[in-house]
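J.: Protein chains in written order, with our numbering: chain B, 224 to 450; chain G, 2 to 415.
Even for Gly, the Cβ is constructed at its ideal location relative to N, Cα and C.
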Amino acid sequence: MIEVRNLHKVYGRGPAATPALKGIALSVEQGEFVAIMGRSGSGKSTLLHILGLLDSPTQGEFRIQGTDMLRLSDTDEARYRLEEFGYVFQEFSLLPGMSVLENVYVPALGLGRNNGFKKRATELLRTVGLVDRMKHDPTELSGGEQQRAAVARALINRPKILFADEPTASLDLASARVVLDLFRRLNNELKLTIIMVTHEPDDAQYVDRVIWLKDGLIADDGPTASK
Amino acid sequence: MGTLKLAVFLAYKSIFKGNRWSLLLILMVMSLSFANLLLTPSILSGVTDAIDRQRIDTTYGNIVIDPQHNEYSIARTRDIEEAVRRVPGVTGVSSRLTSSALFEYEWKLKDRPEDKGKSGTWRVVGIDPIHESEVTTIHRHIFDGTDLEPSDRDKILLGIEIAGGERSETAPFQTLQGARVGDTVRLTFPNGVQREYEIKGLFRARDIAVADHTAFVTRSEMASVLGRDVYSDRAHQMVVRLGDSGLEARAVEEIRALGFPVEVRTWHDYSGALSGVVSSFDIVASLISGIGLVVAGIVMFIVIYINVLHSRRHIGILRAIGIGRGAIIGSYLAQALFYSTLGIVVGGLLFGFGIQEYFARYPLDLAIGQVSLVLQPGTVVNAITGLVAAGIFAGLVPVLHITRQGIIHAIWGK
Numbered sequence: 224m225i226e227v228r229n230l231h232k233v234y235g236r237g238p239a240a241t242p243a244l245k246g247i248a249l250s251v252e253q254g255e256f257v258a259i260m261g262r263s264g265s266g267k268s269t270l271l272h273i274l275g276l277l278d279s280p281t282q283g284e285f286r287i288q289g290t291d292m293l294r295l296s297d298t299d300e301a302r303y304r305l306e307e308f309g310y311v312f313q314e315f316s317l318l319p320g321m322s323v324l325e326n327v328y329v330p331a332l333g334l335g336r337n338n339g340f341k342k343r344a345t346e347l348l349r350t351v352g353l354v355d356r357m358k359h360d361p362t363e364l365s366g367g368e369q370q371r372a373a374v375a376r377a378l379i380n381r382p383k384i385l386f387a388d389e390p391t392a393s394l395d396l397a398s399a400r401v402v403l404d405l406f407r408r409l410n411n412e413l414k415l416t417i418i419m420v421t422h423e424p425d426d427a428q429y430v431d432r433v434i435w436l437k438d439g440l441i442a443d444d445g446p447t448a449s450k
Numbered sequence: 002m003g004t005l006k007l008a009v010f011l012a013y014k015s016i017f018k019g020n021r022w023s024l025l026l027i028l029m030v031m032s033l034s035f036a037n038l039l040l041t042p043s044i045l046s047g048v049t050d051a052i053d054r055q056r057i058d059t060t061y062g063n064i065v066i067d068p069q070h071n072e073y074s075i076a077r078t079r080d081i082e083e084a085v086r087r088v089p090g091v092t093g094v095s096s097r098l099t100s101s102a103l104f105e106y107e108w109k110l111k112d113r114p115e116d117k118g119k120s121g122t123w124r125v126v127g128i129d130p131i132h133e134s135e136v137t138t139i140h141r142h143i144f145d146g147t148d149l150e151p152s153d154r155d156k157i158l159l160g161i162e163i164a165g166g167e168r169s170e171t172a173p174f175q176t177l178q179g180a181r182v183g184d185t186v187r188l189t190f191p192n193g194v195q196r197e198y199e200i201k202g203l204f205r206a207r208d209i210a211v212a213d214h215t216a217f218v219t220r221s222e223m224a225s226v227l228g229r230d231v232y233s234d235r236a237h238q239m240v241v242r243l244g245d246s247g248l249e250a251r252a253v254e255e256i257r258a259l260g261f262p263v264e265v266r267t268w269h270d271y272s273g274a275l276s277g278v279v280s281s282f283d284i285v286a287s288l289i290s291g292i293g294l295v296v297a298g299i300v301m302f303i304v305i306y307i308n309v310l311h312s313r314r315h316i317g318i319l320r321a322i323g324i325g326r327g328a329i330i331g332s333y334l335a336q337a338l339f340y341s342t343l344g345i346v347v348g349g350l351l352f353g354f355g356i357q358e359y360f361a362r363y364p365l366d367l368a369i370g371q372v373s374l375v376l377q378p379g380t381v382v383n384a385i386t387g388l389v390a391a392g393i394f395a396g397l398v399p400v401l402h403i404t405r406q407g408i409i410h411a412i413w414g415k
């Protein structure tokens with residue numbers, strides 16, 4: 224599904240240039256739940272941002288189902304992010320001024336179709352256990368609840384791939400477990416491909432495969448014990 | 002259609018569910034900017050309007066009838082008056098005999114007859130007080146004494162800038178230095194006739210260019226000075242009042258069509274240098290409006306720019322979840338239009354029911370008279386156009402800038 228070859232990313236230019244990725248090669252199959260792990264500065268978030276079309280590499284190849292993702296126009300990139308991908312960020316990323324329900328269905332408005340998005344958003348909030356909080360302002364939710372609402376938003380347009388950038392980093396242990404259990408359930412039930420960056424070793428028990436990054440290179444790549 | 006709907010949804014949420022202080026601040030800046038864009042040109046238009054009204058009310062009426070270019074005076078004035086009064090829209094006609102004269106006050110106190118003393122040369126106008134009051138408002142500006150009667154012969158009405166004293170604007174050495182009602186002045190006319198007049202009234206029309214430098218006697222008195230045989234049915238000038246100031250061009254045509262051997266012009270044709278002053282005011286008004294618009298635009302730009310920059314992360318998240326640039330830019334455009342429209346409405350109400358009402362009750366008391374605000378349609382159109390353009394510019398530039406940045410940079414600033 225996802226094919227990456229010789230992926231490089233350098234921040235800055237000239238003497239200030241800092242390489243973040245130094246030639247990554249990997250492939251992810253449909254329905255896999257993959258964790259990208261590594262120390263701070265290892266390049267894991269950079270890799271996730273490039274895979275999620277939030278950033279572009281300095282060089283390399285990146286294809287999804289055969290499509291060259293590095294040759295997409297701005298419009299096509301936006302379409303991929305809207306229709307094919309879902310995102311959960313480390314920091315709570317719900318939009319201010321909108322209720323929890325509105326936050327969940329905003330991406331559906333972007334599709335421009337009256338596709339029963341309110342009903343689906345309500346169902347998704349029920350799935351993540353927040354249906355009774357859907358009219359609340361995001362600031363009235365706990366960190367774990369905000370992250371679950373962000374998961375519901377990520378799923379509203381039925382994405383093929385869910386990208387999660389340290390989704391449990393800002394959560395307490397109990398909330399983190401709820402979110403990871405949710406990911407596991409979505410992966411099992413919907414066969415959703417999930418690529419998650421994390422630095423918590425304990426998170427590995429929830430995923431099928433762990434890719435270890437060190438200094439911008441893949442140090443290890445293999446299935447977890449749970450698999 | 003989806004993009005438009007989403008843009009409107011995002012704009013609505015940002016405006017009504019966002020920071021209320023921010024909304025209030027933007028609204029305040031927009032409405033005060035709009036009111037300011039209306040205020041300054043309205044004051045200057047009020048000044049020019051006051052000058053124009055002064056010329057009509059105190060000096061020329063709406064239409065001036067002069068002798069033909071090779072004549073000194075108009076003949077058959079009674080016939081002309083009668084005919085002109087029948088022209089639709091005419092509410093008054095006054096025939097005037099005009100001369101200059103040397104005015105002397107307290108001349109008996111001079112050490113030598115050739116000393117200047119309290120004297121000067123001014124214009125004397127012979128009028129029928131009743132007819133004149135149908136055309137000009139001099140009689141309403143008498144602040145001491147009374148108006149002339151048609152039968153008065155040795156009475157004179159003096160403009161404040163001739164009489165002098167505390168209320169005059171002219172330097173004392175250019176006036177009679179405080180002539181008062183009941184005092185006597187001596188006039189020497191160019192034909193050598195010398196007469197003494199009792200000051201019956203003093204007026205201050207606040208037309209410091211012409212009217213307040215004029216003295217009035219009755220027309221029969223002036224005719225006797227100039228030569229009753231010749232001037233009993235003649236005038237040097239006739240002034241005509243119309244019920245509606247907008248009908249001058251048409252009335253001029255109709256008076257010309259009566260066929261009398263006279264020159265007929267509107268008051269505007271007599272503006273002379275004053276017209277240049279008024280034009281200068283218009284230019285100054287345009288300049289101040291332009292500067293006001295630029296300043297308002299910059300202030301709005303800063304306020305909206307800060308508001309949009311504050312939303313940088315918000316914009317980044319929207320882009321990350323796949324919302325297109327068109328919808329994001331459209332939402333900020335809609336917000337800018339909303340702020341501009343609300344600023345125009347609130348600013349317009351503030352101006353119409355607050356500032357304009359205040360100036361109507363308490364006009365500015367300037368040397369040229371009382372000045373109220375005069376709002377020209379062009380001023381309103383310019384202010385609306387300017388405010389909307391500035392609002393759109395201020396809203397679009399930062400959002401275009403942010404949506405061109407990388408998503409990661411927009412969200413996390415790195």
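1. Quick one: residues in its chain with C-beta nearer than 6 Å to the C-beta of L183(B), no 5 flanking neighbours on either side, listed in chain order?
2. Return the chain-ordered list of same chain residues with a C-beta closer than 6 Å to the C-beta of R196(G), the five sequence neighbours on each side being excluded.
3. Is R97(G) helix, strand or coil by DSSP?
4. Can you give me the C-alpha to C-alpha distance between D431(B) and G344(G), rounded to a whole angstrom?
5. So the candidates are S287(G), V300(G), A212(G), R79(G); which of them puts its Cα closest to the Cα of I44(G)?
6. DSSP on G1(G), reduced to helix/strand/coil?
7. With Q238(G) and T137(G) assumed to form a contact (beta carbons below 8 Å), what rounded beta-carbon distance in angstroms separates them?
8. If you measure from the beta carbon of R236(B) to each beta carbon in chain G, is any gap under 7 Å?
9. What do you reckon, are the CB atoms on V263(G) and I66(G) nearer than 7 Å?
10. Out of P242(B), V257(B), P330(B), state which residue places its alpha-carbon closest to the alpha-carbon of D443(B).
11. For M239(G), report the span of its alpha helix (DSSP H) as first-last.
12. Please report how far the alpha carbon of D404(B) lies from the alpha carbon of G261(B), in whole angstroms.
13. Note down the Cα distance separating G289(B) from S250(B), rounded to an integer number of angstroms.
14. I need the boundaries of the beta strand (DSSP E) containing V251(B), first residue and last residue.
15. Given a threshold of 16 other Cβ atoms within 10 Å of its Cβ, counted over all protein chains shown, does D230(G) qualify as buried or as exposed?
16. Can you tell which of H359(B), R371(B), E307(B), R294(B) has the C-alpha that lies nearest to the C-alpha of S393(B)?
17. Could you please give the first and the last residue of the uninterrupted beta strand (DSSP E) stretch that includes Y333(G)?
18. Just to confirm, is the Cβ distance from K267(B) to S322(B) under 7 Å?
19. Kindly indicate the opening and closing residues of the alpha helix (DSSP H) around K6(G).
20. Where do the ends of the alpha helix (DSSP H) carrying N229(B) lie?
21. Under 7 Å between C-beta atoms, does E277(B) make it to chain G?
22. Is it a yes or a no for the segment 17-34 of chain G touching the segment 346-355 of chain G, going by three-plus beta-carbon pairs under 8 Å?
23. Whole angstroms are fine: how far does the CA of L158(G) sit from the CA of L149(G)?
24. Taking all protein chains shown into account, decide if I284(G) is buried (16 or more other Cβ within 10 angstroms of its Cβ) or exposed.
25. Leaving out the 5 sequence neighbours to the left and right, which residues in its chain are closer than 6 Å to G179(G) when beta-carbon positions are compared?
26. Using three-state DSSP, classify R320(G) as helix, strand or coil.
27. Using a Cβ-Cβ cutoff of 7 Å, what residues of the segment 392-415 of chain G are near chain B? List them in chain order.
28. Anything in chain B within Cβ reach of F10(G), meaning under 7 Å, just list it in chain order.
29. Less than 7 Å between the beta carbons of G244(G) and T59(G), yes or no?
30. Looking at chain B, which residues of the segment 10-25 of chain G have a Cβ within less than 7 Å of any of its Cβ atoms?
31. G3(G) CB to nearest chain B CB: under 7 Å?
32. Would you call S246(G) buried or exposed, if buried means 16 or more other Cβ atoms sit within 10 Å of its Cβ?
33. State the CB to CB distance for the pair R154(G) and E222(G), rounded to an integer number of angstroms; the pair is presumed to be in contact (CB under 8 Å).
34. What residues of chain G sit near A301(B), judged by a beta carbon separation below 8 Å?
35. So, is A172(G) buried or exposed, given that buried needs 16 or more other C-beta atoms within 10 angstroms?
36. Return the bridge partner residues of V65(G) from the DSSP annotation.
T.: The short version:
1. Here chain B has residues from 224 to 450 only, and residue 183(B) is not among them.
2. Here the set comprises L188.
3. In the displayed model, R97(G) falls within a strand according to three-state DSSP.
4. D431(B) and G344(G): Cα-Cα distance of roughly 58 Å.
5. Looking at the Cα atoms, S287(G) is the closest of the given residues.
6. Nothing about residue 1(G) can be read from this structure; chain G reaches only from 2 to 415.
7. Between Q238(G) and T137(G) the beta-carbon gap is near 12 Å, outside 8 Å, which marks them as no contact.
8. No, because no Cβ of chain G sits closer than 7 Å to the Cβ of R236(B).
9. In contact: V263(G) and I66(G) (Cβ atoms closer than 7 Å).
10. Each of P242(B), V257(B), P330(B) was checked against the Cα of D443(B), and the nearest Cα belongs to V257(B).
11. Unbroken run through M239(G) is the beta strand (DSSP E), 238-243; no alpha helix (DSSP H).
12. If I take the Cα positions, the gap works out to 22 Å.
13. If you draw a straight line from the Cα of G289(B) to the Cα of S250(B), it is about 12 Å long.
14. Annotation: the continuous beta strand (DSSP E) that includes V251(B) extends over 241-251.
15. D230(G) counts as exposed, since fewer than 16 other C-beta atoms from the protein chains shown sit within 10 angstroms of its C-beta.
16. For S393(B), the closest of H359(B), R371(B), E307(B), R294(B) by C-alpha to C-alpha distance is R371(B).
17. That residue, Y333(G), is in no beta strand (DSSP E); its alpha helix (DSSP H) goes 326-351.
18. No, the Cβ-Cβ distance between K267(B) and S322(B) is not below 7 Å.
19. 3-17 is the extent of the alpha helix (DSSP H) around K6(G).
20. From DSSP, N229(B) is part of no alpha helix (DSSP H) but of the beta strand (DSSP E) over 225-234.
21. Correcting the residue type first, residue 277(B) is Leu in the shown sequence and not Glu. By this cut-off, L277(B) is an interface position.
22. In short, these stretches touch, since the Cβ pair count reaches three.
23. Rounded to the nearest angstrom, the two C-alpha atoms are 7 Å apart.
24. That one is exposed.
25. The beta carbon of G179(G) sits closer than 6 Å to the beta carbons of G165, G166 from its chain, once the five residues preceding and following it are set aside; these are given in chain order.
26. Of the three classes helix, strand and coil, the one that applies to R320(G) here is helix, per DSSP.
27. Answer set for the segment 392-415 of chain G: G407, I408, I409.
28. Neighbours of F10(G) on chain B, chain order: L332.
29. No.
30. Contacts with chain B (Cβ-Cβ distance below 7 Å) from the segment 10-25 of chain G involve F10, K14, S15, K18, G19, listed in chain order.
31. Yes, its Cβ sits closer than 7 Å to a Cβ of chain B.
32. The residue is exposed, with fewer than 16 neighbouring Cβ atoms inside 10 Å.
33. That belief holds up - the Cβ atoms of R154(G) and E222(G) are roughly 5 Å apart, short of 8 Å.
34. Per Cβ cutoff of 8 Å: R320, G323, I324, G325, R326.
35. Around the beta-carbon of A172(G), fewer than 16 other beta-carbon atoms lie within 10 Å, marking it exposed.
36. Beta-bridge partners assigned by DSSP to V65(G): V240(G), R266(G).
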